[in-house]
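Asks:
Chains as they are written, first to last, in the working numbering: chain P, 51 to 271; chain W, 2 to 376.
(1) On a CA-only basis, which of P/243, P/261 and P/227 is nearest residue 198 of chain P? Give me that one, please.
(2) Which partner residues of residue 49 of chain W appear in the DSSP bridge assignment?
(3) Grouping DSSP H, G and I as helix and E and B as strand, with all else coil, what is residue 189 of chain P?
(4) Compute the Euclidean distance between the alpha carbons of residue 103 of chain W and residue 223 of chain P, then round it to the nearest angstrom.
(5) Express the C-alpha separation of residue 82 of chain W and residue 164 of chain W in angstroms, rounding to a whole number.
(6) If you measure from the beta carbon of residue 190 of chain W to each beta carbon in chain P, is any gap under 9 Å?
(7) Interface residues of chain W around residue 120 of chain P at Cβ under 7 Å?
(8) For the beta strand (DSSP E) that residue 197 of chain W lies in, which residues bound it at each end?
(9) Using a threshold of 9 Å, state whether the C-beta atoms of residue 124 of chain W and residue 60 of chain W are closer than that.
(10) Extract the residue ranges of the alpha helix (DSSP H) inside the segment 184-241 of chain P, only unbroken runs of 4 or more that lie entirely within it.
(11) Per DSSP, what kind of secondary structure is residue 178 of chain P in: helix, strand or coil?
(12) Smallest Cα separation from residue 88 of chain P: which of P/79, P/143, P/206 and P/167?
(13) Measuring straight from C-alpha to C-alpha, what distance separates residue 62 of chain P and residue 258 of chain P?
(14) Which chain W residues sit within Cβ distance under 9 Å of residue 279 of chain P?
(15) Measuring only the C-alpha atoms, how far is residue 191 of chain W from residue 232 of chain W?
(16) First and last residue of the alpha helix (DSSP H) that includes residue 279 of chain P?
(17) Please list the partners that residue 159 of chain P has in chain W, where partner means a Cβ-to-Cβ separation under 8 Å.
(18) Counting Cβ pairs closer than 8 Å, one from the segment 169-183 of chain W and one from the segment 246-261 of chain P, do we hit at least three?
(19) Please name the residue, chosen from W/162, W/153 and W/136, that lies closest to residue 121 of chain P on a Cα-to-Cα basis.
(20) Please name the residue, chosen from W/207, W/29, W/52 and W/272, that lies closest to residue 237 of chain W on a Cα-to-Cα basis.
(21) Counting only beta-carbon atoms, is residue 83 of chain P nearer than 9 Å to chain W?
(22) Once you ignore the five residues that flank residue 13 of chain W on each side, which residues in its own chain have a CB closer than 6 Å to its CB?
(23) Figure out for me which residue from W/21, W/5, W/294 and W/161 has the closest Cα to the Cα of residue 280 of chain W.
(24) Count Cβ pairs between the segment 17-31 of chain W and the segment 106-121 of chain W that sit closer than 8 Å; are there 3 or more?
(25) Assess contact between the segment 165-179 of chain P and the segment 79-99 of chain P, defined as three or more Cβ pairs (one per stretch) separated by less than 8 Å. Is contact present?
(26) What ranges does the beta strand (DSSP E) occupy inside the segment 56-109 of chain W, keeping only unbroken runs of at least 3 residues that lie completely in it?
(27) Count Cβ pairs between the segment 135-146 of chain P and the segment 102-109 of chain P that sit closer than 8 Å; are there 3 or more?
(28) Counting only beta-carbon separations shorter than 9 Å, does residue 46 of chain W have a partner in chain P?
(29) Run down chain P in chain order and give the residues with a C-beta less than 7 Å from the C-beta of residue 53 of chain W.
(30) Looking at residue 217 of chain P and residue 191 of chain P, is the spacing between their C-beta atoms short of 9 Å?
(31) What's the call for residue 3 of chain W, buried or exposed, on a 16-neighbour Cβ count within 10 Å?
(32) From residue 307 of chain W to residue 74 of chain P, what does the alpha carbon distance come to, in whole angstroms?
(33) Let me know the beta strand (DSSP E) ranges lying completely inside the segment 61-131 of chain P, each 3 residues or longer, listed in chain order.
(34) Can you tell me the Cα-Cα spacing of residue 153 of chain W and residue 245 of chain P, whole angstroms?
(35) Assuming residue 199 of chain W contacts residue 106 of chain W under a Cβ cut-off of 8 Å, what Cβ separation, rounded to an integer in Å, is found between them?
(36) In three-state DSSP terms, what is residue 274 of chain W?
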């Protein structure tokens, strides 16, 4: 099911706020809020790592995720993996062989769509750190409510009654899907609709990136 | 990543300017960096920033079994985490000496000083008590972690509220936040830690930054440095000492500790007031049902990281914020700038050169002739 371009104009995401260089000791850092969800990401690299984890053809990406209460959990490891695979597709690792790039993520507030917020924040932090990238990426979250309707960028209250949540990540070049993470039960049609709506909505995220980088470059340039 | 080592130039320079009465960021010896406390949407969660040092602190509670020797007291658990976000040299999920040191200092300051009423955390004697877990996470390490972590701990304990419960025979019903108003923690007194960097055994630097901290504890070219160290003092608002810790230096007079105590007492009192005010203000906003969220800390302030605002080396009489407002005019109209008092003077010596000399009188404009000029 392909959505009309007319509908696309009406798409709204939760308001986004971002700040670069929130942390002075990291090579790049960003704090991003999407509605009430806030995440903080720091990027260090390319840097010297121990011999055993060095790779001769590309840089090693290490992702560390910690939630607010600080207890390690399987869920955290899973999120680390999603972020790692997404970033590996975007970073030009072959430019920095035998080095490591560290991405550290800190959850500050989770009111729905946290994974999407984290991925967007990671992308901004990578841009801020100056690591070479093939393309940037944007994540959009969706939910399916109990009537089977697709809700774009759901709020905390909407998530309580939803049956499934999905997070899609698109690249900036040809808007192809690079990561998809789903949770719960949904129909094939709902999935396709959510995919197309998120794809169109990712334009808004890319526009936000461009806007913030333009402001930032004005300051440093 | 390996620890970045400190160069001899840095060490010597810092030692030299400190002995001459200056600090690299233009502060006075007893001046602290800017303190900022912001609370999150949940109770007991805050980010404290002291200059560029940033710490996230969260208090959570759960029902646990009490210790056998203290059957009617609650349990407090303090955990400090230093991951690569703080600085690249730290490794993830590994205990270092620094984390152990910080945990011990905070335990001394908040558990051993008995500032928290543990008996009020009891639910059923010998069976159920509240166990408070204080989780300190260093986001950015720019020196003086102790002071920042202790302010963060105190602010989050003072802000924290645990759920209310009712006892119905043998059953204990714990109410959610919407059912019954949560209860704040009872604090008998408010202890705060402050750090002083000791230089050549007689100079005390309040709130040292990362460089000052590492220079005073590092060895000099001549050998082991016994004259510099870090002095941590924990005091409450009644000027009572709760903690005293000295690392590095071998002090040979007690005068320096007395001097530090006097200055720490005022500082701690000031901090406690700031924390109490911040908690009261936050409580007021919450009662008015205003939304408080960490997204409020996002400003455009740091976007200017590479422009002059975040300059961390400052001349003593040079106020960056003052100049920022008239940014445009500054370049076009140089007369607008107030002449800043300087200790040095530029004096014309041989043709085409000028030299810095110790100031004798009032500064004046000089003219250095140039061949490629108008003639």
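No residue lacks a Cβ here, since even glycine has one placed at the ideal position from N, Cα and C.
Replies: On the basis of the supplied data:
(1) Ranking P/243, P/261 and P/227 by Cα distance to residue 198 of chain P puts P/243 first.
(2) Partner(s): W/38 and W/56.
(3) Residue state for residue 189 of chain P is assigned as strand, using DSSP reduced to three classes.
(4) The alpha-carbon separation between residue 103 of chain W and residue 223 of chain P amounts to approximately 47 Å.
(5) In a straight line, the C-alpha of residue 164 of chain W is about 26 Å away from that of residue 82 of chain W.
(6) Chain P, which has no Cβ nearer than 9 Å to the Cβ of residue 190 of chain W, makes this no.
(7) Per Cβ cutoff of 7 Å: 80, 82, 136 and 138.
(8) Unbroken beta strand (DSSP E) run through residue 197 of chain W: 193-200.
(9) Not a contact, by the Cβ cut-off of 9 Å.
(10) Listed in chain order, they are 206-210.
(11) If DSSP states are grouped into helix, strand and coil, residue 178 of chain P belongs with the helices.
(12) Selected option, being the one with the closest Cα: P/167.
(13) Inter-residue distance for residue 62 of chain P and residue 258 of chain P is about 12 Å (C-alpha atoms, whole angstroms).
(14) No answer is possible for residue 279 of chain P: the residues shown for chain P start at 51 and end at 271.
(15) Each residue's Cα considered, the two are about 20 Å apart.
(16) It is not possible to answer for residue 279 of chain P, since the shown part of chain P is limited to 51 through 271.
(17) Within chain W, the residues 41, 42, 294, 295 and 296 have their CB atoms less than 8 Å from the CB of residue 159 of chain P, given in chain order.
(18) Cβ pair count under 8 Å is below three, so no.
(19) Restricting attention to W/162, W/153 and W/136, the CA atom closest to the CA of residue 121 of chain P is found in W/136.
(20) It is W/272 whose Cα lies nearest to the Cα of residue 237 of chain W.
(21) It does: the Cβ of residue 83 of chain P has a partner Cβ on chain W nearer than 9 Å.
(22) Within the same chain, residue 13 of chain W has no close Cβ partners at all.
(23) Of the candidates W/21, W/5, W/294 and W/161, the one whose C-alpha sits nearest the C-alpha of residue 280 of chain W is W/161.
(24) Look at the beta carbons and you see the segment 17-31 of chain W not touching the segment 106-121 of chain W: under three pairs across the two are nearer than 8 Å.
(25) Yes, since at least three Cβ pairs between the segment 165-179 of chain P and the segment 79-99 of chain P fall closer than 8 Å, the two stretches touch.
(26) Counting only runs of 3 or more, we get 76-83.
(27) Segments in contact, yes.
(28) Yes - at least one Cβ of chain P is within 9 Å of the one on residue 46 of chain W.
(29) Contacts between residue 53 of chain W and chain P, judged by CB atoms closer than 7 Å, involve 74 in chain order.
(30) Contact check for residue 191 of chain P against residue 217 of chain P passes: the beta carbons are separated by less than 9 Å.
(31) Exposed, by the Cβ-count rule.
(32) With a pLDDT of only 46 at residue 307 of chain W, under the threshold of 50, the placement of this residue in the model should not be trusted, and no figure is reported.
(33) Counting whole runs of 3 or more residues, the segment 61-131 of chain P contains the beta strand (DSSP E) stretches 66-70, 78-84, 87-97 and 110-116.
(34) Answer to the nearest angstrom: the Cα atoms are 43 Å apart.
(35) Going by Cβ atoms, the distance from residue 199 of chain W to residue 106 of chain W rounds to 17 Å, so no, they are not a contact pair.
(36) Reduced to three states, the DSSP call for residue 274 of chain W is helix.
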